[in-house]
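Engineer:
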Amino acid sequence: MQVRDISRIKYEPQLIQANHWLAAAKRLEDLDALASELAWKSLEQYVHPHLRQHLSICVKKLVEKGEAMRQRLHTGTATAYEIERFKRSYLQVETLMDFYADALATRTNPATTATLKACDYIAEHSMRTLLEPLGHTTPAVITYIDKGMGASILKAGLRLWDDSENPAAAIKIVRHNLLRPTALIHEAGHQVAHITGWNEQLSAALRKALLKYGVDFAESWAAWSSEIAADIFAFVHTGFASVAALHDVVDGPSRGVLHYSPGDPHPISFLRVLVGTECCRQRFGNGIWDHMRHNWMRRHPLENARPKTAALVRASIPLLPEIVKVLLDYPLRAFQGKSISQQIDVNAVHPASLQRTADLYGNSFYTSAPLLLKAPLIRLAWNGYQLIAEPAQAEQFQDQQRSWMQLLGTSIK
Amino acid sequence: MESPFLHFPNLERDVNAEPLPVVKETYTESPFLNVNKLYGKPQGFDKKAEAYVTIMNELHDDEFSEQMEDLLNEMKDFREKYASQSGYMNNEVYSRQLTQSYYQPMLREMNGYFDKMVQYGQEVDNNLRSATDLETLFSDYEFNGTDLTDVQEQFLGGLKKAFKKVVGVAKKVGKGAIAAGKFVAKAALGPILNRVSGIFKKFLAGVLKDGINLLPGKYRNIAQSLAGKLLPASMRPQPAAAAAIAPAASFASAVTPAAPMMPEPDSTSDMAADLQDGMNAAAAQVLTAENEMEWQLMEAELDKALDETPDENEDMLSAARSRFVQQLNELEDGDNPAPAVEQFAPIVTTALKFALPLIGRERVKGWLTSLISKLITPFIGKDNSQMLSRLMVDKGFTMLNLETAEGNAGTTAVAEVVENTIRQVPEFPSYVLEDRQLFERYIVQAFERSAAAYLPDVLPEKAYDAQPELRETNERSVVWKNEPPSAEEAAPGYKVLNEVIETEINPFIANEIKTFGGIPLSVFLRDKLGISVSSSIPVKVHLFESSPRNDLFQIAKKAKRVRGLGNASRSAWMQLHPLTSVAAGLLMREPGLGCRKAKENCLGKRKSAQGHRYYYLEIDGARPQYFQPAKGRQVLRRHTSLKARLNFVTNEINMQLYLSESDAQAVAACLRKKNQSEAAHIMVMMAFKEGIKNIFSYGKFDYLKIVHQHVVPGNHSGMAIDKVPPVITRAFSNALVNWAGKAMISFLRENGDKLIQAAEHDADGLSLRLNFSSPPDLEIMKEMLSGNYATVKEDLFTDHPKESTIHASPGHQQD
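If you read the sequences in order, they're chains A and F.
Add 225 to a position in the first sequence, counting from 1, and you land on the number used in the working numbering.
Add 14 to a position in the second sequence, counting from 1, and you land on the number used in the working numbering.
(1) Return the CA-CA distance between Ser444 (chain F) and Val378 (chain F), expressed in angstroms with no decimal places.
(2) By DSSP, does Ser781 (chain F) sit in helix, in strand, or in coil?
(3) Whole alpha helix (DSSP H) runs in the segment 324-397 of chain A with 4 or more residues, listed along the chain?
(4) What is the DSSP secondary structure of Phe710 (chain F), reduced to helix, strand or coil?
(5) Count the other C-beta atoms from every protein chain shown that fall within 10 angstroms of the C-beta of Tyr630 (chain F), then say buried if there are 16 or more, exposed otherwise.
(6) Give the residues from the segment 517-547 of chain F that approach chain A closer than 9 Å (Cβ to any Cβ), ordered along the chain.
(7) Give a yes or no on whether 7 Å exceeds the smallest Cβ distance from Thr534 (chain A) to chain F.
(8) Tell me Ala534 (chain F)'s beta-bridge partners as DSSP assigns them.
(9) Which residue from F:Leu148, F:Phe92, F:Asn398 puts its Cα closest to that of Gly182 (chain F)?
(10) By the three-class DSSP mapping on this structure, what secondary structure does Val37 (chain F) have?
(11) Going by beta carbon distance, what residues of the same chain come within less than 8 Å of Asp397 (chain F), once the five residues before and after it are set aside?
(12) Using the beta-carbon count (16 or more within 10 Å), is Asn708 (chain F) buried or exposed?
(13) Considering only the alpha carbon of each residue, which of F:Trp753, F:Ala219, F:Met795, F:Asp479 lies closest to Asn488 (chain F)?
(14) Compute the Euclidean distance between the alpha carbons of Ile667 (chain F) and Ile735 (chain F), then round it to the nearest angstrom.
(15) Ordered along the chain, which non-local residues of its own chain (more than five positions away) have a Cβ less than 8 Å from that of Met312 (chain F)?
(16) Does chain A have any CB closer than 7 Å to the CB of Gln111 (chain F)?
(17) Starting from the C-beta of Asp456 (chain A), find all residues in its chain whose C-beta is less than 8 Å away, skip the five residues before and the five after it, and write them out in chain order.
(18) What three-state label does DSSP hand Ala600 (chain A) in the structure shown?
(19) Check whether the Cβ of Ser464 (chain F) lies closer than 7 Å to any Cβ atom in chain A.
(20) Here's the rule I'm using: 16 or more other beta-carbon atoms within 10 Å means buried, otherwise exposed. How should Thr418 (chain F) be labelled?
(21) Can you tell me whether His516 (chain A) is buried or exposed, with buried defined as 16 or more other CB within 10 angstroms of its CB?
(22) At the 7 Å Cβ level, is Gln642 (chain F) part of the contact set with chain A, yes or no?
(23) Indicate whether at least one CB of chain A lies closer than 7 Å to the CB of Ala683 (chain F).
(24) Any heavy atom of the ligand HEM within a distance shorter than 6 Å of the CB on Val221 (chain F)?
(25) What are the partner residues of Ser332 (chain F), as DSSP defines its beta bridges?
(26) Could you tell me whether the Cβ atoms of Ser800 (chain F) and His730 (chain F) are closer together than 7 Å?
(27) Which residues of chain F have a Cβ atom closer than 7 Å to the Cβ of Ile637 (chain A), listed in chain order?
(28) When the Cα atoms are used, what is the spatial distance from Asp257 (chain A) to Lys638 (chain A)?
(29) Is it true that the CB of Leu782 (chain F) sits closer than 7 Å to the CB of Ala822 (chain F)?
(30) Which residues of chain A have a Cβ atom closer than 9 Å to the Cβ of Arg686 (chain F), listed in chain order?
(31) Using beta carbons (cut-off 7 Å, strictly below), is Val593 (chain A) in contact with chain F?
(32) When you check each C-beta in the segment 759-776 of chain F against every C-beta of chain A, which residues fall closer than 8 Å?
(33) Verify the CB distance criterion: does Ser550 (chain F) have a CB-CB separation below 7 Å to chain A?
(34) Tell me the DSSP secondary structure of Ser384 (chain F) in three-state form.
(35) Looking at the structure shown, is Gln648 (chain F) part of a helix, part of a strand, or coil, going by DSSP?
(36) Can you tell me the Cα-Cα spacing of Ala266 (chain F) and Glu433 (chain F), whole angstroms?
Encoded structure:
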C-alpha cells in the first residue's frame, strides 16, 4: 500500500463544514430517536402520522438543501455564506424537532399519557364545537406538561422556526392545573380566534361600543380583545369553572393583580376576574360568583393601584355589564353574523342544568366513556363548579376528575 | 347489435350466426318438491345428531371467531412486512419457518396450557385432584405475555375459553345432561382432553402452515364433512356464497355437473368462522364418538383434510395477465390481438373455477375471442395505446416515467377491461352460451360495463349522451385505477377511484344506508367512531374495489395516504363499508358507482372476491371508540345489535339485545325520569325492530344461529332459515316483535332498576337477554327446516309463548 504524503493533503474547510452539518441533518431523519415508541404511540391515530409526516418533510427538505450545497461545493459554485445559511437552517429545524421531542417526552407513563390524551381531546372538542358549523377544519392538538403558573399555545398554522407551518396546536398545560384544565379551553380559544378572525372583530366591536366613554378607554379594552376572547371561549364552554380557575391563577399580591402595562394583551387581572363574574351573573343569575366578586374587590382595594390604573378600573367597573353584553352577544362576521353565545349554548353549563344532567346519568355521568366523549366540557364545568361550591369535598371531586380524564384518555387511540 | 365500441373504424362484424342448439329443460330447485314424500309426518330425529348439534351450539363463541380473524390478519401482516423488507417470502419454505418461529412464543404458551389441562384432567381421573381444582385452574391460569402481541394474547384468551367450554360439555356428557352415548359418558376426562387438545393443535399448526394462502372453505369443508356423518346429506344447508350465485351455480350443475362453479372466495372473517366451526365439529365428534376407533378415524380424516394444498390459480392468472399486457404492447397498429386473447381467456375462466359447457366449448371460446379481439382492436398499436395512456394521466394516474408508462398504462387498462368482461361470463344465463347472437350481445354489454369502470372517456361525448350507462357516474368523470401491488404480490393490488368525493351526510341518509349485517350507518358511526349524526356533516368518501388477496384488511392496511387508514388494526378495516348502489346514490348521488354484486351478498358479510366495492368515510373528529376492561387490554366498543338463537332441540328462542354504551345510557337516563318506562320501551323496541329486520336478511350469518338436528351447527347455521318460506319468516319476525314488546314493557315497569344497575356498571353497554319457552308453532318451523312443509297452517304464531323472561346484565354477554 502506498503511503500518502501528508504534507500534500489539501485542506478543504468548507467541505468539512458541509459534511458535518449535512451528517447532522441526516441524523434528524430518525424520528424514533426523537421520541420513544411509547411516546409516539401515545398520540392519537390521527395526529401521529400527520405530525411524523410533517417533521419528516422538514428534515427531508433540509437534507436535500444540504446535498445540493455539497454538490455545488464539488463544482466550486458554493460560497461560505451558503454553508452558514445551511447551518442556520439546521438549527431552525433542530429547534422544531426539539420542541416536539420535549412535548412528547412529557408522556412519561400510561397514566400521564391518558391524562394528556384526554386534554388533547377536550381542547379539540371545544374548538370543533365552534369551528365545524362554521365550515372550518379543526386542527389537531398536542398537549404537554410544563412548570409555571399559566398555560400557553403554539398555534397550528403559525410559521415555525424553519418557516414551515405548525402542523398541530401545541398547548402547554401547567402541572398544577392538570386536573383542572379549563386553561386548555382558554388556549384553544386563541386558536379558534386565529382561525375565525374573532380577535380583530371583537376589538372593533369593543372600540365601537365604548367609544362614547372616551377614545383611550375604548382603545384600552380593544387592545385586550385577544385575551378576553379566549376567556369568553373558556366561559361559554365551562361556565363558572373557568372563572374560578382564572381567579386562582391570577390572584396574588394586589400590586400584581392591579398591574397594568399598556400594550400588554392581557387585561388587568383585577378586571379579568370581574368580567368572568359578570358573565356568570348575566347568564346564570345570582350565585357563588357574587361572593367571589365581593371578596375579590375587598381583597384588592384600588388604593393599591397606580393612579392611572385605578382610574381605568374605576371607569370600567360600572360598565362591565355593557362590556360583557358586547363580549357575549355582539354578532360578528367571524361567526356568520351570530354572537358567540348563539354559537355555543352557555345554558348547558348553568350549574342547575349541570346538576340536572349529572342526576339524569347517575353514576354513569363520569364512568361512561361515550358520554364523556360526547360532552367532556360539561364534566369539566360541573367538577370545577363543585370544587368551589363544596370545598369540603374537594378530594372526592379531584379523584373524580382524575378518573374520568383517565377513562377518556384510554377510550381513544 | 348496437354499441359505440363497435363503431370504431377498423372493427368488422362477423355475422354468420351458428344454428341455435336445442335448449334442454332444467329443473328448478324448490323445497315444495319434497312435500309429496313426507305426507305431513314428522321425520324421526336421531339422538346422536341431537347431541352433536347441542354440543356444537355449546362450544360456539362469536368472540373467538373475531380473535381468530385478528390472528389471521396479523399473520398476513407479518408475512408482508418481511416480504417488503427482505424478499424472503419468495421462498415458501423459508416463509413458513419464519412464521412458525415468530409464533413460537404463542405456540409455547398454547402447548403449555393444553398440557397442564390434560395433566389436571388425568389427575382428576385418578382422584389426585378435585373437579374444583380444574375450575380454579381455568380462572387462575395466566399466559406469559412477555413475547406476545396484543392479538396473540387475546387469541390465547379465546382459546382458553374454548377449552373451558369443552371441559364443561364433557362434564355434561358425563352426567348424562347431554345424551352423547355411553362411550364418552364413561370415558375418563384425561383422554378426552388429550384428544381435543390434539385437535386444536392440529388446526393451529395448519393455520400457521397455510398462512396467507389459507384455502377458502377448506375448514368449512372439514366442519361439513364431519357433520355429514351424522346429519343426512340432503338436509345440509348450502353455504351462503353458493346460494348467492344461484344462476351460475344452476348453470354449472345443469350443464357440467362434474365441474361446478366455486362460490365467491371468503374473507378472513369467514375463514376464521370456518376454522372455529372445524375445531368445534372435531371436538363434538370426540364427544359423541361411540368407540375409540371413531376417534382415530376422525383424526386420520382431519390430517388428510388439513394437508390440502393451497390454490395456485391466482398466481397463474397474475402471470398470464402480465404476459397478455406484454403481448398487447408488442402489437402494431392493425395487428390482430386474437391470439393473445385466445391464450388469456381460458386462464381467467380457470381462475374463476368456471367451466364452459363441454358441448360447444370450443365454439363459445371462438365467439368470445373473436368478439373481444374486435372490441379491443381500436386500442391496440403504439399510437392508440399512447393516446389512451395520456387520457389516463389526465385522470390522475401517477406515472413516474411517462415515456415507459405510456406503453403500459393503456394496455394494462385494456387488459383489465378484457379480464373483467370475461369475469362476467359465469353470470350469463346458461341459454346465452348456446346462442351466438345473444352471447355477443351479452359480451358487448359486459365489455361496456367494464369499460365504463376501468377506461377513461374514450368515446365521443354524444355517445355518452345517448347512452348514459356507458359511464358509471352521472355528475363526475371518474375511473377506477389499480394501486400498485405490494412487494410480495405479483398481481395488481386493489383499485381506488381516482377522485375523493366530498359530500355531506345527514341523519336521514345515515339511517338509511346500511353497512355489514344490515346495521344502519348512523349506529356504526355513533357506537364505533363516536360520531352522532344529528345534523349535516361534511365527509370525504374514498372508494375502493377489492381484488383476490386484497380484502378489507389489505385495503385498509395499504391505504397509507388516507387519513385514518394505513394500518393493520381492526379499527382501520372495520371502517370500510359495502358500497351498495343505495349507499353510492345517497352519499354521492352516483348509484352507478355501487358494487355490482347482489345487495344481499354485499351487506351479508365481508367478502374478498374480485370486484366488491367499499367506501371509507373520512370524517373530521371520528375516532375508533375503545373500551378498557378492568383486566386485559383495550378492545373496540361494540355497536347495538340483536342476536337470536332458535333452539329447536330445547324448543325455545333465546334473543340477546345488546345495547351499546350510548344506547344503554340513553335508556337508563329515560328510566331515571319518573313515568318514563314507556319512552324507554320505545327506544328499546326501536333497536329490537331494527335488529329483527336484519336477522332474517343480511344478518343471517352474523346474528342468527339455529340449533336443529338437520342443520349443520356453527357460524353458518343461520343460513338454514332460507329453507323457511319468506311469508312464514315474516310472520315469525312480527310475532317476535309482539312477544318481545309485551314482555319488555312489563320488564321496564317492574325491573327498570335492574337495567339502570346494568347501565351503571363499568362494562361496555348492557345485554337484555330474552327467552321464550315453548313458543307457539315453533314445531312447524322445525318441520320446515327438516324439509317437511305439509304442516303449514294459517294464522301462525298468533298465541304467546308459555313463558317469556328478560334479564339485564352489564356488558356484552355471550350465551
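Think of the CB as a built atom: it goes at the ideal place given N, C-alpha and C, for glycine as much as any other residue.
All values derive from a computational prediction rather than experimental measurement.
Structural biologist: With the given structure in hand:
(1) Distance between the alpha carbons of Ser444 (chain F) and Val378 (chain F): 12 Å.
(2) Strand at Ser781 (chain F).
(3) Scanning the segment 324-397 of chain A for uninterrupted alpha helix (DSSP H) segments of 4 residues or longer gives 335-359, listed from N- to C-terminal end.
(4) Reduced to three states, the DSSP call for Phe710 (chain F) is coil.
(5) So Tyr630 (chain F) ends up on the buried side.
(6) Close to chain A, meaning a Cβ-Cβ distance shorter than 9 Å, are the following residues of the segment 517-547 of chain F: Arg540, Asp541, Gly544, Ser546.
(7) By this cut-off, Thr534 (chain A) is not an interface position.
(8) Before going further, note that residue 534 (chain F) is Pro rather than Ala in the sequence given. Note: Pro534 (chain F) sits in a beta bridge opposite F:Lys528.
(9) Residue F:Leu148 is the option with its Cα nearest to Gly182 (chain F).
(10) Reliability of the predicted coordinates at Val37 (chain F) is poor, the pLDDT of 35 falling under 50, and no value is obtained from them.
(11) Same-chain partners within the cutoff: Asp347.
(12) That one is buried.
(13) Between Asn488 (chain F) and the set F:Trp753, F:Ala219, F:Met795, F:Asp479, the nearest pair of CA atoms involves F:Asp479.
(14) The alpha-carbon separation between Ile667 (chain F) and Ile735 (chain F) amounts to approximately 14 Å.
(15) If we look at Met312 (chain F) and ignore the five residues flanking it on each side, its Cβ neighbours are Leu240, Ala296, Gln299, Val300, Ala303.
(16) No, Gln111 (chain F) lies away from the interface with chain A (no Cβ there is under 7 Å from its Cβ).
(17) Excluding sequence neighbours, Asp456 (chain A) sits near His411, Gly414, Ser467, Leu471, Arg497, Val500, Gly501.
(18) Residue state, collapsed to three classes: coil.
(19) By this cut-off, Ser464 (chain F) is not an interface position.
(20) Legend: pLDDT at Thr418 (chain F) = 46, less than 50; position of this residue unreliable, value from coordinates given subsequently. That one is exposed.
(21) Exposed.
(22) When Cβ-Cβ separations below 7 Å define contact, Gln642 (chain F) makes contact with chain A.
(23) Taking Cβ atoms only, chain A reaches closer than 7 Å to Ala683 (chain F), which makes this a yes.
(24) The model depicted lacks the ligand HEM and carries no ligand whatsoever.
(25) Bridge partners of Ser332 (chain F): none, in fact.
(26) No, Cβ-Cβ distance for Ser800 (chain F) and His730 (chain F) is not below 7 Å.
(27) Chain F residues near Ile637 (chain A): Arg637, Tyr640.
(28) Linking Asp257 (chain A) to Lys638 (chain A) through their CA atoms gives a straight-line distance of about 19 Å.
(29) Yes, these two residues count as a Cβ contact at 7 Å.
(30) Those within 9 Å of Arg686 (chain F) in chain A are Asp584, Leu585, Tyr586, Gly587.
(31) Looking at the sequence provided, one finds Ser at residue 593 (chain A) rather than Val. Yes, Ser593 (chain A) counts as interfacial toward chain F.
(32) Listed in sequence order: Ile770, Ala773, Glu774, Asp776.
(33) Closer than 7 Å: no.
(34) Of the three classes helix, strand and coil, the one that applies to Ser384 (chain F) here is helix, per DSSP.
(35) In this structure, Gln648 (chain F) counts as coil in the three-state DSSP scheme.
(36) Model confidence at Ala266 (chain F) stands at a pLDDT of 31, short of 50, so the residue's coordinates are unreliable and nothing is read from them.
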